[in-house]
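2 protein chains.
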Amino acid sequence: MAETSDFKAEPPEGIDALGASSEGASLYEQIREDIIEGRLAANERLVVTDLARRHGTSTNPVREALQLLRGEGFVTFIPNRGARVRPIDQDFVRDIYEIGVLIEPALTRWFVGMATEEDIAELERLQGLIEENNFADPLRHSELDTAFHTVMYQRHYNRHAAELWWKHREVLRAVSRRFNFTLARRAAIIREHRELIALVKSGEADKAAELIARHVEGSGRHVLEHMRARSAARAG
Amino acid sequence: MAETSDFKAEPPEGIDALGASSEGASLYEQIREDIIEGRLAANERLVVTDLARRHGTSTNPVREALQLLRGEGFVTFIPNRGARVRPIDQDFVRDIYEIGVLIEPALTRWFVGMATEEDIAELERLQGLIEENNFADPLRHSELDTAFHTVMYQRHYNRHAAELWWKHREVLRAVSRRFNFTLARRAAIIREHRELIALVKSGEADKAAELIARHVEGSGRHVLEHMRARSAARAG
DNA sequence: ACGCAACAAATCGTACATTGTTTGTCGAAG
DNA sequence: CTTCGACAAACAATGTACGATTTGTTGCGT
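One line per chain: the protein sequences are A and B, in this order.
Note that full-length UniProt numbering has the first sequence beginning at 1, numbered continuously upward.
Note that full-length UniProt numbering has the second sequence beginning at 1, numbered continuously upward.
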């Protein structure tokens, strides 16, 4: 059972996706999803009583979930005035991508030195599925792509960095789900993934790191273009 | 009043050092300090009732503070079994330093392009105080050193990265407070700071970035050596 | 020595009191 | 008639208290 089996996007291990408490778990996750998916608008007020009623619980679990979200940066607080949804705007996304450009190459470099036969086989399998899907099902592509990169970062000794990457990834996955891939971007993704696998095979860590930097940067640029376009359309 | 006046270490602005609520503020900060400073041992159980009694409040504020700390990664939770102090061990510190080595050069590079006369004057003023103090008062050195780097990262457009840096810095400040600086490290710090100021003046961004990478890495190595030594002593 | 049952302790959810903020109305001045 | 401001009522955040449920432990009987 060494096989990672499926392509479902899951945290790199050891990262607690758990909520505040037994019941709080789903609550935290639900509110969080609502924020990331945009069902809760940017800067929207998060009234504890409302959320409690809506989720069929009392206020205390909601309060704790909000504090947890605050610690993770999804919610902002003003004393005596409650919580608001932190807007996931262009600046926020740009910030995250820029950090990714700095961190992911380092994670990749390490992976190249540690990759096993199975890792490479798994990458090729996922890449096969990605090309097979060929962006027909965007959601599936998103999952596959995340899985692809998870294979690389999963076992990195720097758990803190891996966790950071995963948290960022979750946000970006939700954001990019709102947009389609341009043809140019599709081609670039396929090409870069193939190149990456080749570099992993030949053990060229520096080149792989450099490639990942370009890959992440390109991805960020792509998403930001879409966001800009959409916000421009909304404004015009 | 353009002058940043003092040398007190303060967050880069716009970063809420606020707690859960009016009273919760101090509570959050106190527990957090207790963890970082080591007054609460690694993996120690955090019993809500105890903490409430100790801080003279009821349980709810404590529960919220703990969730906030969880979101920030200082506390771990197991459902129905409560919270524990996340150990700030060598791995944790190493992880943080490694991320710093990746991020700080980028922040520095930007600063070199944006530095004003006042910025440079402030850096030189702080460096003067650092050399004047000459590690006689370690706490003061820590504050001055933090202020020095804050001047550089304070206004960076990537708030997320700046915030990340600050949070890491707070942890490292507390950890390194437990150790003395070796003579070699003292000399290196003074030298590198001077070099850095020179590079900022001449606008050599790449070299400054490279220098910061070395600076952070050296700092990390130094602290980790101390931690290793101490834990070895404890074990032996 | 092992299992099981009663007990102790702490988390988690609910309900409530208090305090601070927001909102809407009324009235007077311009 | 409109505008501004004081005041009051509704609203929501924060803190307190308590009961229910889960977990861990202790001691008894076999």
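Ideal Cβ positions, reconstructed from N, Cα and C, are used throughout, including at glycine.
Return the CA-CA distance between residue i and residue j, expressed in angstroms with no decimal places.
| i | j | result |
| --- | --- | --- |
| B/ALA232 | B/LYS207 | 37 Å |
| A/HIS141 | A/SER202 | 26 Å |
| B/TYR28 | A/VAL75 | 17 Å |
| B/THR150 | B/LEU68 | 25 Å |
| B/ALA17 | B/TYR157 | At B/ALA17, the pLDDT of 48 sits below 50, so the modelled position is not reliable and the matter cannot be decided from this model. |
| A/ARG45 | B/ARG39 | 37 Å |
| A/ILE88 | B/ALA235 | 47 Å |
| A/ALA42 | A/LEU164 | 22 Å |
| A/VAL48 | A/GLY71 | 17 Å |
| A/ALA189 | B/LEU126 | Reading the sequence as shown, one finds Ile at residue 189 of chain A and not Ala. Each residue's alpha carbon lies about 47 Å from the other. |
| B/GLY113 | A/PRO79 | 37 Å |
| A/THR108 | B/GLY218 | 23 Å |
| B/ASP34 | B/GLU170 | 13 Å |
| A/GLU124 | A/LYS167 | 25 Å |
| B/PHE92 | A/PHE92 | 26 Å |
| B/LEU183 | B/ALA106 | 29 Å |
| B/ARG159 | B/ARG194 | 27 Å |
Suppose the cutoff is 7 Å on Cβ atoms and the five residues either side in sequence are ignored; what does the same chain contact list for residue i look like?
| i | result |
| --- | --- |
| B/ARG86 | GLY73, PHE74, VAL75, THR76 |
| A/PHE135 | HIS141, PHE181, ARG186 |
| A/PHE179 | VAL223, HIS226 |
| B/ALA205 | ARG109, VAL112, GLY113 |
| A/ARG32 | LEU69, PHE74 |
If I measure Cβ to Cβ from residue i and keep anything under 6 Å in the same chain, skipping five residues before and after, which residues do I get?
| i | result |
| --- | --- |
| B/ARG111 | As written in the sequence, residue 111 of chain B is Phe, which differs from the Arg given in the question. Excluding positions up to five away in sequence, the list reads MET152. |
| A/HIS222 | ARG185 |
| A/ALA83 | LEU46, LEU66, VAL75, PHE77 |
| A/GLU199 | The identity of residue 199 of chain A in the sequence shown is Leu, whereas the question assumes Glu. The residues are LYS207, ALA208. |
| A/ILE130 | LEU144 |
| B/VAL216 | GLY100, VAL101, GLU104 |
| B/GLY128 | none |
Return the chain-ordered list of same chain residues with a C-beta closer than 8 Å to the C-beta of residue i, the five sequence neighbours on each side being excluded.
| i | result |
| --- | --- |
| A/ARG94 | GLY220, LEU224 |
| A/GLN90 | LEU224, MET227, ARG228, SER231 |
| B/ASN133 | ARG140, HIS141, LEU144 |
| A/ILE103 | ALA161, LEU164, TRP165 |
| B/ALA20 | With a pLDDT of only 48 at B/ALA20, under the threshold of 50, the placement of this residue in the model should not be trusted; the figure read from the coordinates follows. Hits under 8 Å: LEU27, TYR28, PRO61, GLU64, ALA65, LEU68. |
| B/ARG214 | GLU192 |
| A/ALA2 | In this prediction, A/ALA2 has a pLDDT of 41, which is less than 50 and means its spatial position is unreliable; what the coordinates show is noted afterwards. Hits under 8 Å: GLU118. |
| B/GLN30 | HIS55 |
Kindly give me the distance between the Cβ atoms of residue i and residue j, rounded to whole angstroms, as I take these residues to be in contact under 8 Å.
| i | j | result |
| --- | --- | --- |
| B/LEU211 | B/LEU196 | 6 Å |
| A/ALA174 | A/ILE36 | 4 Å |
| B/PRO138 | B/ARG177 | 7 Å |
- Task: Could you say if the stretch 94 to 102 of chain A and the stretch 56 to 64 of chain A meet the contact criterion of at least three C-beta pairs nearer than 8 Å?
- Result: no
- Give, in chain order, every unbroken run of the beta strand (DSSP E) that is at least 3 residues long and sits entirely within the stretch 37 to 117 of chain B. 75 to 78, 82 to 85
- Item | Any 3 or more C-beta pairs closer than 8 Å across the stretch 40 to 54 of chain A and the stretch 115 to 125 of chain B | no
- Quick one: which unbroken beta strand (DSSP E) runs of 3-plus residues sit fully inside the stretch 114 to 161 of chain A? Chain order, please. none
- Query: Taking only runs of the alpha helix (DSSP H) that begin and end inside the stretch 169 to 231 of chain B, which ones reach a length of at least 4 residues, in chain order?
  - Reply: 183 to 202
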